[in-house]
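Participant: Under our numbering, the sequence shown is numbered contiguously, ending at residue 273.
C-beta atoms are modelled at their ideal positions from N, C-alpha and C, and glycine is treated no differently.
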Amino acid sequence: MLTEIIVVTSGKGGVGKTTTVANMGCGLARRGKRVALIDFDIGLRNLDLVMGCERRVVYDFVNVIQGDCTLKQALIKDKRIESLYVLAASQTRDKNALTEEGVNKVLEGLKADDFDYIICDSPAGIEKGAHLAMYFADLAVVVVNPEVSSVRDSDRILGLLASKTLRAERDQEGVKEHLLLTRYSPARVASGEMMSVDDVKEILGLDVLGVVPESTDVLAASNAGIPVILNEESIAALAYDDAVCRLLGDSIPLRFLEEPRKGLLSRVFGA
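1. Run the CB neighbour count on ASN65, radius 10 Å, all protein chains shown included, and call it buried at 16 or more, exposed below.
2. Residues in the same chain with beta-carbon distance under 7 Å from ILE231, minus the five sequence neighbours each way, listed in chain order, please.
3. Could you pull the start and end residues of the alpha helix (DSSP H) that ALA24 belongs to?
4. For the 8 Å Cβ check, are there 3 or more pairs between the region 155-172 and the region 6-18?
5. Do LEU141 and VAL88 have their CB atoms nearer than 7 Å?
6. Return the CA-CA distance between GLU183 and VAL145, expressed in angstroms with no decimal places.
7. Per the DSSP calculation, VAL66 is bridged to which residue(s)?
8. Where PRO215 and GLY69 are concerned, what is the direct C-alpha to C-alpha distance, given to the nearest angstrom?
9. With DSSP collapsed to three states, give me the class of TYR87.
10. Would DSSP call LEU46 helix, strand or coil?
11. Is GLY111 closer than 7 Å to LEU73 when the C-beta atoms are compared?
12. Could you pull out every unbroken alpha helix (DSSP H) segment of at least 4 residues lying fully inside the region 99-156, listed in chain order?
13. Please report the distance separating the alpha-carbon of CYS122 from that of LYS19.
14. Pick from THR5, ASP219, THR101: whose alpha carbon is nearest that of SER236?
15. Thinking C-beta only, is ASP41 closer than 7 Å to PRO125?
Here is the structure:
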C-alpha cells in the first residue's frame, strides 16, 4: 500500500491529540502496519513521554532536518510493538527550525522506508508547526472535546485543512477529515453540561471516527508511558480500538454514548 500521512489536530490545546496519536499508532501497529509517529510540537515535546521512550531520545526531528543525524538514527523503535517507531520533537530548538523543505525530506525518507502510516502530532492552533503538520496530510483526525470553545476552535482548523494543504494547492481531492470526540460523558450530556455527539457532528459536518469516554485510565496510562489501548480492561482502550477499526474501513457502531444501566441491587440500594 502507499504510505498514508495522517495529521491529528485541533484548534484548542489539552483535548487529547498526543494521547490519540499514541493510541492510534499502537492500534495500527498491532494490526501489522508499519507506523511512524512524529511530534511536531517543537519546544514542548510530549509524545515520547506518553509512549514511554523519553530516556531513549538521542536525536530528534530537528536534528534530522538539519543533517545532524540520519532518520534511522533518530527513529526510536517501540519495545512493545515491533513495527512502531517514534520521532521525538526537540525541546531546545525554536519552532522556526521546522521548514517545509525539511519536513518533506523526513516524510519522503519514511515513505522510502516502506512505512504504511505516518501520524503527525500537531501543536494546537494555527501557528507554523501546526501548519506544517497538516500541509502534507492525506487524512486529518480532528480531536474535539464536546464543549463549545473546543468545537468553535476546531471549525477554524477545518478551514485551514480545506485551503492550506498541499492537496488543496494542487486542486486534488481534499484532505479526508474525521472527527474524534474525547472525554465524553453521557451523564454530563444528559444534564446539559456537555454537547452531544449529534450536536458536534451537526456543527462541524464531519463523520465521527470515534467517541472516547471520560476515564481516569487515560491519564494514568499517559503518566506511566503506556498507551491506554494496551489496557484491554479499559473502556477508553476499546473506544480507541474501535476508532482504529473504522479508520481501516470497518463499519462498526459507536459505543459508550449512554450511561451504563445500573443493576437491580444498585437501583434498590442506591449504590
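Facilitator: According to the structure shown:
1. That one is buried.
2. The answer, listed in chain order, is ASN25, CYS28, GLY29, ALA239, TYR242, ASP243.
3. Per DSSP, the continuous alpha helix (DSSP H) segment holding ALA24 begins and ends at 19-32.
4. Between the region 155-172 and the region 6-18, the count of C-beta pairs closer than 8 Å reaches three or more; the two stretches touch.
5. Not in contact: LEU141 and VAL88 (Cβ atoms no closer than 7 Å).
6. What sits at residue 183 in the sequence shown is Leu, not Glu. Answer to the nearest angstrom: the Cα atoms are 6 Å apart.
7. Answer by DSSP bridge pairing: none, since VAL66 is not bridged.
8. Taking the straight line joining both Cα atoms gives about 42 Å.
9. It is a strand residue.
10. Of the three classes helix, strand and coil, the one that applies to LEU46 here is coil, per DSSP.
11. The answer is yes: Cβ separation under 7 Å.
12. The region 99-156 contains these whole alpha helix (DSSP H) runs: 102-114, 130-137.
13. Distance from the CA atom of CYS122 to the CA atom of LYS19, rounded to whole angstroms, is 10 Å.
14. Comparing alpha carbon positions, the residue from THR5, ASP219, THR101 closest to SER236 is ASP219.
15. No, the pair does not count as a contact, with Cβ atoms beyond the cut-off.
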